[in-house]
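Enquirer: Heads up: the sequence shown runs through residues 58 to 954, numbered per the numbering used here. Every residue, glycine too, gets a C-beta built ideally from N, C-alpha and C.
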Amino acid sequence: MATLSSSVVSATDAPLCSIPSPAPGHVSAGKDTLPLIHSFQLSSGYFFGGEDIHFAKDDKSDDSLLHLPPSFTLLPLQVQSTTNSTVMHVGATLTLSGRRARAFHTVAAHRRDPFADGPHSVSFHLDGYYSSTSEELCMLGSGTYSMGDGWPKHLPDVVLRLRVPSSPTLKDPFVTGELKGAGFDAITLVSYAEGDTYEYGQIASCPPSPAVRGALQARFSCARLREQLVSSYKLQHGGSGVPASSSSTSPALPEPRMHVGQVQCTADGAVRLYATFSNNTNLWGVRYLRPGFVVKEAAVVAEGRWDSTQSTLCLRACRVVRSGPTSLAVAVQDCSIGMSFWFPAVWTIRDRSIVAGRLWNSSQGTAGSNAAAAGAVSASSIDFDINRDTFSDVNYTYTMVDEAKQRYFADVLRSHENKANKGPFPSANYTYHDFQFRFYMNTQSKHGEAYPVTIGSAIVDGDRLPAGGSFSSWHGKVDMEHELLKVSYDIYTRHVPPRVNFMNMTSPITIEERLITAEGVYDPKTGVLCMIGCQELEGSTETDCQILITVHFASLDAKAQGRGRGVIGSLRAKTTDPLFFSKMDIALFGRYREQVSASISRMDLESVMLVASTTLPCIFTALQILHAKRSTEASASTSITMLVVMALGYVAPLVISTEALFVSRGTQYAPFQRKVPYELKQAMLRVPTLIAFVLQLRLLQLAWSARSSAAGRSKDGTSSSSAAAAAERRALWVCLPLYLLGGALTVVLHMANSRRAAQEDSLAVRVGPELATLWEDLASSAGLALDGFLLPQVAMNAFSGGKVRAVSPWFYVGGTVVRAMPHVYDVIRRQGYVPSLKPSNVYASPLDDRFGVAWDIVVPCGAALLAVLLFLQQRLRSSDTLLFRSRRTGEYQMVST
Numbered sequence: 058m059a060t061l062s063s064s065v066v067s068a069t070d071a072p073l074c075s076i077p078s079p080a081p082g083h084v085s086a087g088k089d090t091l092p093l094i095h096s097f098q099l100s101s102g103y104f105f106g107g108e109d110i111h112f113a114k115d116d117k118s119d120d121s122l123l124h125l126p127p128s129f130t131l132l133p134l135q136v137q138s139t140t141n142s143t144v145m146h147v148g149a150t151l152t153l154s155g156r157r158a159r160a161f162h163t164v165a166a167h168r169r170d171p172f173a174d175g176p177h178s179v180s181f182h183l184d185g186y187y188s189s190t191s192e193e194l195c196m197l198g199s200g201t202y203s204m205g206d207g208w209p210k211h212l213p214d215v216v217l218r219l220r221v222p223s224s225p226t227l228k229d230p231f232v233t234g235e236l237k238g239a240g241f242d243a244i245t246l247v248s249y250a251e252g253d254t255y256e257y258g259q260i261a262s263c264p265p266s267p268a269v270r271g272a273l274q275a276r277f278s279c280a281r282l283r284e285q286l287v288s289s290y291k292l293q294h295g296g297s298g299v300p301a302s303s304s305s306t307s308p309a310l311p312e313p314r315m316h317v318g319q320v321q322c323t324a325d326g327a328v329r330l331y332a333t334f335s336n337n338t339n340l341w342g343v344r345y346l347r348p349g350f351v352v353k354e355a356a357v358v359a360e361g362r363w364d365s366t367q368s369t370l371c372l373r374a375c376r377v378v379r380s381g382p383t384s385l386a387v388a389v390q391d392c393s394i395g396m397s398f399w400f401p402a403v404w405t406i407r408d409r410s411i412v413a414g415r416l417w418n419s420s421q422g423t424a425g426s427n428a429a430a431a432g433a434v435s436a437s438s439i440d441f442d443i444n445r446d447t448f449s450d451v452n453y454t455y456t457m458v459d460e461a462k463q464r465y466f467a468d469v470l471r472s473h474e475n476k477a478n479k480g481p482f483p484s485a486n487y488t489y490h491d492f493q494f495r496f497y498m499n500t501q502s503k504h505g506e507a508y509p510v511t512i513g514s515a516i517v518d519g520d521r522l523p524a525g526g527s528f529s530s531w532h533g534k535v536d537m538e539h540e541l542l543k544v545s546y547d548i549y550t551r552h553v554p555p556r557v558n559f560m561n562m563t564s565p566i567t568i569e570e571r572l573i574t575a576e577g578v579y580d581p582k583t584g585v586l587c588m589i590g591c592q593e594l595e596g597s598t599e600t601d602c603q604i605l606i607t608v609h610f611a612s613l614d615a616k617a618q619g620r621g622r623g624v625i626g627s628l629r630a631k632t633t634d635p636l637f638f639s640k641m642d643i644a645l646f647g648r649y650r651e652q653v654s655a656s657i658s659r660m661d662l663e664s665v666m667l668v669a670s671t672t673l674p675c676i677f678t679a680l681q682i683l684h685a686k687r688s689t690e691a692s693a694s695t696s697i698t699m700l701v702v703m704a705l706g707y708v709a710p711l712v713i714s715t716e717a718l719f720v721s722r723g724t725q726y727a728p729f730q731r732k733v734p735y736e737l738k739q740a741m742l743r744v745p746t747l748i749a750f751v752l753q754l755r756l757l758q759l760a761w762s763a764r765s766s767a768a769g770r771s772k773d774g775t776s777s778s779s780a781a782a783a784a785e786r787r788a789l790w791v792c793l794p795l796y797l798l799g800g801a802l803t804v805v806l807h808m809a810n811s812r813r814a815a816q817e818d819s820l821a822v823r824v825g826p827e828l829a830t831l832w833e834d835l836a837s838s839a840g841l842a843l844d845g846f847l848l849p850q851v852a853m854n855a856f857s858g859g860k861v862r863a864v865s866p867w868f869y870v871g872g873t874v875v876r877a878m879p880h881v882y883d884v885i886r887r888q889g890y891v892p893s894l895k896p897s898n899v900y901a902s903p904l905d906d907r908f909g910v911a912w913d914i915v916v917p918c919g920a921a922l923l924a925v926l927l928f929l930q931q932r933l934r935s936s937d938t939l940l941f942r943s944r945r946t947g948e949y950q951m952v953s954t
């Protein structure tokens, strides 16, 4: 092996690694190509450094929303044997991923980089050789990464050195090394070996233990075991709520959380894993940031085998020790830790773990010995996003239903009788969605979700049973006692810092999430849910099971906003118990299944109405064009102001891509379930509107040409065209100030509303629409001007004393109906509309209507009044009526001399 001479090292530096010189010839591996590639593949590793290529230091807490731990992957593209049996040729891509450094947050002096403190990655394309003798992989190549402005940055002369154990073992399971280039300092790499060349040592055994007698009898499956075992676990000493570090015989693992991030197994049941420990008890990182390979102060590596007779995985674990807080040099020591995992067959309010486990000090004896049992640490998985479909044999045991029932009859039911909460409520034969609810707390920036775990005797998971069957009323009725239904819930409460803009976060935030496991009774006659809850105390493994949760569901036919109300309170003594907390009022939002079905049907109807209301104007405008062609005088007497206003109303949605002007208000489309495709929605609006706009331009051209031609033929200036032009100017002076005044009032009202909203404390969850933007408010005012599109024509006729039927009845009557349709529909729909967090609307939304019900009545009446006035003006054609202001009386005429 010859020493590498490369520009990536200076004269004073030692070479990073060595490659053969001359290079040996390549030999095809044949069928062994895939196993060789897999032996070098690393799907999850950890690196330290990289500040020179704009990686941030890994100093953020695990519960940060923007926490992206540094990680790397090594993807071999080709692995070839060579003429030297101890050397292999390897080509691979190395990718570093993490957070971009905050110091690198501007791409110009006047604007921020949108990727500041966000995801950042650098890719290296490398080629080199692996020596099984020295267990060294040495590769050369180059890398690229983005600067945030779209231009890639090139990194030449990159050298990668990795020590890859040819046969990893429990004592030597890691891949370590360095990466160095001409433009950055050395980056340290470490990963858990993933190849199939691992050599298992003495397999640990798990004697029968009381803790695993309730394990599900499951057949071994490597893929399924890996899927379920990679999770986060809550640790407790003996399951008694005592922290793990409180016993002298416990394994030296004081942290309350364990994260299994790497699991490798073989078809014959051999399993090995890597796990870390932390003191972060926040569930937010558990649910949304799955554990990977992260180097912590406390970590273990373990190996073992699946025991098919007990359906238990038994492992022997060793502690992983780092040489320093800023170093990734790792060593394996102290292999006196025993571990076992199984799938519990029985769930309770205190333990609903999909995977359970136990850790003990094997130097004190086996898992079943008295000494080991006294110091054992129980582990319960807390990653509730794991798929439950395969657990069809799990049974649930209610332990606190009697206490909840007593509370319901003694306190809740008595106070409920004095409140008017009547009507049908969800019963046992309703779906999972009717029992699931979301809520927010009025006095704090907190919100959460509640998911049923069991309804009666059935363990539910969404709309399905774990066994794959459909939920039916039979499961609930068998557990009805005194006409009460036994239920259990997982209730997540989440605290979000106030005034957080998730679309423009410039610094990491911490979201605190806690879990309350609860069980109790539900009364289908009153719609009241009464439960006793248990919650892990913050920063501790102790559990508080003195929590009372009461929920008053709204009736199925309720028209009020929300799904109901509730209270979460403590049953402890207020003055003497330090665990007492003040009650928290909660407001439920969401919809029942019947309301969702009604919403979907309504959206289908609104889609039809949207197409009709954009298509009918095309027909009405075409009929007006035919009317104008048949009568030139009618074209000359048509108000050009009216036609211009309507043309602007059609072109606005095409230019700014909003339908707000058409429906007289800014609409929001956020459906509950069904979603109209964006392209289809735009086509429903744009295509007919474009046709209507073209036809409107044609009508405007006919009116302008007819008036110009009539004015050109007039020699004395007293023709009807001259009178029409004068009346047009006077009508414009009447309408234009009204339009400007409406816009000015809109701006003033918007500024007042924005100032009032800024002074109020914002909630994390808002039921109803967000505050409208200035453009949305201006769009509403412009829509109001379009609702009164006949005003310029009526004013022009009044000033000119017109005798011509300038506008076809199809045009002004049909246009009035189309403009009034959204307002009338709003009034009708408001009678049965149930507001929610996600209002579903396609055509018109009462939540976004700043005018209210009264205005929805006034606008159609005003539009109808203008249509009636225009009809009388064109029908009566009398200069003596109040509808005209004729200028013929008292006019002077030119007398011929």
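Taking E312 as part of the alpha helix (DSSP H), name the residues at either end of that continuous run.
Expert: Working through the sequence shown from its first residue, we reach residue 312 at position 255. Here E312 belongs to no alpha helix (DSSP H), and DSSP marks it neither H nor E.
Enquirer: How long is the line joining the alpha carbons of S302 and W417, rounded to whole angstroms?
Expert: Position 245 of the sequence shown, counted from the first residue, corresponds to residue 302. Position 360 of the sequence shown, counted from the first residue, corresponds to residue 417. Since pLDDT at S302 reaches only 46, below the 50 mark, its modelled position is unreliable, and no value is offered.
Enquirer: As a quick exercise: from L747, A863, L132 and G799, pick the residue whose alpha carbon is nearest that of S838.
Expert: Here residue 838 corresponds to residue number 781 of the sequence shown, with the count starting at 1. If we check each option's Cα against that of S838, G799 comes out closest.
Enquirer: Which of helix, strand or coil does DSSP assign to V824?
Expert: Residue 824 sits at position 767 when you count from the first residue of the sequence shown. Residue confidence is low: V824 scores 43 on pLDDT, short of 50, so the model does not pin down where it sits. Its coordinate-derived value is still stated next. DSSP places V824 in coil when its eight states are reduced to three.
Enquirer: Output needed for S696: all residues of its chain with C-beta closer than 7 Å, excluding positions within five of it in sequence on either side, in chain order.
Expert: As a first step, residue 696 is located in the sequence shown; it is residue number 639 there, counting from the start. Hits under 7 Å: E785, A788, P849, Q850 and M853.
Enquirer: In three-state DSSP terms, what is M196?
Expert: Your numbering for residue 196 matches position 139 in the sequence shown. Note: M196 maps to strand in three-state DSSP.
Enquirer: Is R862 near Q931, with beta carbons less than 7 Å apart?
Expert: To locate residue 862, count along the sequence shown from 1; it is residue 805. To locate residue 931, count along the sequence shown from 1; it is residue 874. A contact, by the Cβ cut-off of 7 Å.
Enquirer: What did DSSP end up calling K582 once you bin it into helix, strand or coil?
Expert: As a first step, residue 582 must be located in the sequence shown, where it is residue number 525. K582 falls in the coil class under three-state DSSP.
Enquirer: Compute the Euclidean distance between the alpha carbons of L586 and N336, then round it to the nearest angstrom.
Expert: In the sequence shown, the residue the question calls residue 586 occupies position 529. In the sequence shown, the residue the question calls residue 336 occupies position 279. Distance between the alpha carbons of L586 and N336 is about 34 Å.
Enquirer: Using 8 Å as the cut-off, can you tell me whether the region 500 to 519 makes contact with the region 653 to 667, which would need three or more C-beta pairs spanning the two stretches below that distance?
Expert: Of all C-beta pairs linking the region 500 to 519 to the region 653 to 667, fewer than three are shorter than 8 Å, placing the two stretches out of contact.
Enquirer: Roughly how many whole angstroms lie between the Cα atoms of F400 and D229?
Expert: The sequence position of residue 400 within the sequence shown is 343, counting from 1. The sequence position of residue 229 within the sequence shown is 172, counting from 1. Cα to Cα, the separation comes out at about 30 Å.
Enquirer: How many angstroms separate the CA atom of G185 from the CA atom of L194?
Expert: The residue given as residue 185 occupies position 128 in the sequence shown. The residue given as residue 194 occupies position 137 in the sequence shown. Whole-angstrom Cα-Cα distance: 7 Å.
Enquirer: Helix or strand or just coil, what does DSSP make of Q285?
Expert: As a first step, residue 285 must be located in the sequence shown, where it is residue number 228. DSSP places Q285 in helix when its eight states are reduced to three.
Enquirer: With a cut-off of 8 Å, do at least 3 Cβ pairs link the region 148 to 160 to the region 128 to 139?
Expert: yes
Enquirer: Go to S154, then tell me how far its beta strand (DSSP E) extends in each direction, as first and last residue.
Expert: Looking up residue 154 in the sequence shown gives position 97. Note, S154: beta strand (DSSP E), V144 to R156.
Enquirer: Could you pull the start and end residues of the alpha helix (DSSP H) that H111 belongs to?
Expert: Locating residue 111 in the sequence shown gives position 54, counting from the first residue. First-last for H111: undefined, no H or E at that position.
Enquirer: Is DSSP giving K686 helix, strand or coil here?
Expert: To locate residue 686, count along the sequence shown from 1; it is residue 629. If DSSP states are grouped into helix, strand and coil, K686 belongs with the helices.
Enquirer: Quick check on D634: does DSSP put it in helix, strand or coil?
Expert: As a position in the sequence shown, residue 634 is number 577, starting the count at 1. In this structure, D634 counts as coil in the three-state DSSP scheme.
Enquirer: What first and last residue would you give for the alpha helix (DSSP H) that runs through I885?
Expert: For this step, residue 885 is matched to residue 828 along the sequence shown. Run containing I885: P866 to R886, per the alpha helix (DSSP H) assignment.
Enquirer: Would you list, in sequence order, the uninterrupted beta strand (DSSP E) runs of no fewer than 3 residues that lie entirely inside the region 187 to 248?
Expert: 193 to 203, 209 to 220 and 231 to 238
Enquirer: Pull up the DSSP beta-bridge partners for F496, would you.
Expert: The residue given as residue 496 occupies position 439 in the sequence shown. G505 and L645.
Enquirer: Nearest to S78 by CA position, among L125, G102, T90 and N141, is which residue?
Expert: The residue labelled residue 78 in the question sits at position 21 within the sequence shown. The residue with the shortest Cα to Cα distance from S78 is N141.
Enquirer: Leaving out five residues before and five after D580 in sequence, what residues of the same chain have Cβ atoms less than 6 Å from its Cβ?
Expert: Residue mapping note: residue 580 aligns to position 523 of the sequence shown, counting from 1. Once the five neighbours on either side are set aside, the close Cβ partners of D580 are L541.
Enquirer: Between L843 and the rest of its own chain, which residues show a CB-CB distance below 6 Å, the 5 nearest in sequence each way excluded?
Expert: Counting from one through the sequence shown, the residue named residue 843 turns up at place 786. Excluding residues within five positions, the ones whose Cβ falls inside 6 Å are G706.
Enquirer: Roughly how many angstroms lie between the CA atoms of S694 and L797, to the nearest whole one?
Expert: Your numbering for residue 694 matches position 637 in the sequence shown. Your numbering for residue 797 matches position 740 in the sequence shown. The alpha-carbon atoms of S694 and L797 are separated by roughly 25 Å.
Enquirer: Tell me the residue span of the beta strand (DSSP E) that contains E360.
Expert: Your numbering for residue 360 matches position 303 in the sequence shown. From DSSP, the beta strand (DSSP E) with E360 extends over A356 to D364.
Enquirer: Would you report the Cα separation of C74 and L217, rounded to the nearest angstrom?
Expert: Walking along the sequence shown from the start, residue 74 turns up at place 17. Walking along the sequence shown from the start, residue 217 turns up at place 160. Going from the Cα of C74 to the Cα of L217 covers about 8 Å.
Enquirer: Per DSSP, what kind of secondary structure is R787 in: helix, strand or coil?
Expert: Within the sequence shown, the letter at position 730 stands for residue 787. In the structure shown, R787 sits in a helix (DSSP, three-state: H, G or I).
Enquirer: Mapping DSSP to helix, strand and coil, what is I589?
Expert: Along the sequence shown, read from residue 1 onward, the residue named residue 589 stands at position 532. I589 falls in the strand class under three-state DSSP.
Enquirer: G845 by DSSP, collapsed to three states: which one?
Expert: In the sequence shown, counting from the first residue as 1, residue 845 sits at position 788. Shown here, G845 sits in coil according to DSSP, grouped into three states, outside any helix or strand.
Enquirer: What do you reckon, are the CB atoms on S393 and S419 nearer than 7 Å?
Expert: The residue you call residue 393 lines up with position 336 of the sequence shown. The residue you call residue 419 lines up with position 362 of the sequence shown. Yes, the Cβ-Cβ distance between S393 and S419 is below 7 Å.
Enquirer: Would the region 354 to 361 and the region 285 to 295 be scored as touching if the rule is three or more Cβ pairs under 8 Å?
Expert: For the pair of segments examined, the region 354 to 361 was found not to touch the region 285 to 295: the number of CB pairs separated by less than 8 Å stays below three.
Enquirer: Cα separation between H182 and G200?
Expert: Here residue 182 is taken as the residue at index 125 of the sequence shown, counted from 1. Here residue 200 is taken as the residue at index 143 of the sequence shown, counted from 1. Cα to Cα, H182 sits roughly 6 Å from G200.
Enquirer: Is the separation between the beta-carbon of V646 and that of R620 shorter than 7 Å?
Expert: For the purposes of this step, residue 646 is taken as the residue at position 589 of the sequence shown. For the purposes of this step, residue 620 is taken as the residue at position 563 of the sequence shown. Rather than Val, the amino acid found at residue 646 in this sequence is Phe. Taking 7 Å as the Cβ cut-off, F646 and R620 qualify as a contacting pair.
Enquirer: With a cut-off of 8 Å on the beta carbons, I'd call V458 and E576 a contact; round off their distance for me.
Expert: Within the sequence shown, residue 458 is the residue found at index 401, counting from 1. Within the sequence shown, residue 576 is the residue found at index 519, counting from 1. That pair is a contact at about 6 Å.
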